[in-house]
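When we follow the working numbering, the leftmost residue of the sequence shown carries the number 2, and every step to the right adds one. For each residue, glycine too, the CB sits at the ideal point set by N, CA and C. The structure appears right after this line, and notes come after that.
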Amino acid sequence: MTAKPIPLAGVIGNPISHSKSPRLFRHWLRTYDIAGHYVPLHVAERDLADVIRTLPRMGFVGINVTIPHKVAVMEIADLVTDRATLIGAANTVIFRKDGKIHADNTDGYGFIANLRAGAPGWRPDVGPAAVLGAGGAARAVIASLLDVGVPQILLSNRTRPKAEALQAEFGRRIKVVDWVQAGNMFEDSATVVNTTSLGMEGQPELRVPLDGLQRGAVVTDLVYAPLRTRLLQVADEAGCVTVDGLGMLLHQAVPGFERWFGVRPEVDVDTRAAVLA
Ligand code: ATR
């Protein structure tokens, strides 16, 4: 009789030491008493394909993928999900028993699951959403907001052509607003999302005027260091419902953990505490 292999998973990036995923996955492995391991893998771009093709032979059942490999990994995969194709990046790779490498993107899922958990009364269809930023993270946010039925997205980015490119791709429900007028988007918006790096520790502050934020609007910031960004503080004071960005990181990891280790993990206060420790 052969012993059952211990499942291995990890996160692959360059650099990788800052990643919170090992702490998160190890917390869940302990919580659910699962014999498995989750490791950070620091891999250079030139080695990515070799490493990914080798991992299944070493007992890996899957990996999370982070910067700078989220696009390149789709080329290596045998199968890319529709949502990863739509977002243009993959963050979760599954090594299937039949040898096929399957690339998925759970960022949009994590974004929506975090909003629903943090703002239980959130109704995406009641009004437009304002989105700041048009980079990689914005793609996942836009795709998932459209998917859950937001009627219109007001999109503003410092570099306007990048917002226009997203409009061309995602269609007429996107309306581009000039960066100098970004503050005007909030007056009409039921949902507000910052996808830029502004407000993050070590980055410039988000200077967009926030006095248009509406009481009752749901406001979230993908920046989670600090947890309470200026956007969220001002939104709280304006009577908005605020949801911090740490939850997106936690929720996006749920589908991978369930697939690899066979248990759907809870995102709860202990999970947050374990990651923040
Ligand atoms: P991510 O994958 O986190 O979205 P990204 O693709 O590099 O990272 O996107 C960063 C976003 O933050 C972009 O929308 C960027 O605006 P530009 O497209 O104009 O670069 C935005 N951003 C970064 N620094 C900024 C700054 N100082 N002022 C305004 N926007 C900024």
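The residue from R216, L155, A226 with its alpha-carbon nearest to that of I175 is L155. In this structure, DSSP gives G63 an extended state, which the three-state scheme calls strand. The shortest C-alpha to C-alpha distance from G246 to any of L223, A239, R124 is the one to L223. Our two residues, A226 and K101, have alpha carbons roughly 36 Å apart in a direct line.
In terms of Cα proximity to E202, the closest of G184, R231, F112 is R231. Near the ligand ATR, meaning a beta-carbon closer than 6 Å to one of its heavy atoms, we find G134, A135, G136, G137, A138, A139, N158, R159, T160, K163, T196, T197, S198, L199, P205.
Beta-bridge annotation (DSSP): K176 is paired with L155. By the neighbour-count criterion, in which 16 or more other beta carbons inside 10 Å mark a residue as buried, G14 falls on the buried side. Note that the C-beta distance between A236 and L214 is below 8 Å.
Proximity of the segment 110-125 to the segment 68-79 falls short of the contact definition, fewer than three beta-carbon pairs being nearer than 8 Å.
DSSP places A78 outside any beta strand (DSSP E), giving it a letter other than H or E. A contact is defined here as three or more CB-CB pairs under 8 Å, and the segment 182-201 meets this definition with respect to the segment 139-151.
Excluding five sequence positions before and after W180, the CB atoms of its chain that fall closer than 6 Å to its own CB belong to S157, R159, given in chain order. Here L87 is buried. Its C-beta has 16 or more other C-beta atoms within 10 Å. With contacts defined by Cβ atoms closer than 8 Å, I53 and V94 form a contacting pair. Just so you know, the alpha carbons of P41 and P23 end up roughly 7 Å apart. Buried is the label assigned to R140, since at least 16 other Cβ atoms lie within 10 Å of its Cβ. Here the C-alpha atom of H19 lies approximately 29 Å from the C-alpha atom of L167.
The beta-carbon distance between P205 and L211, rounded to whole angstroms, is 15 Å. This is too long to meet the 8 Å contact definition. Per DSSP, the unbroken alpha helix (DSSP H) holding N115 starts and ends at 108-119.
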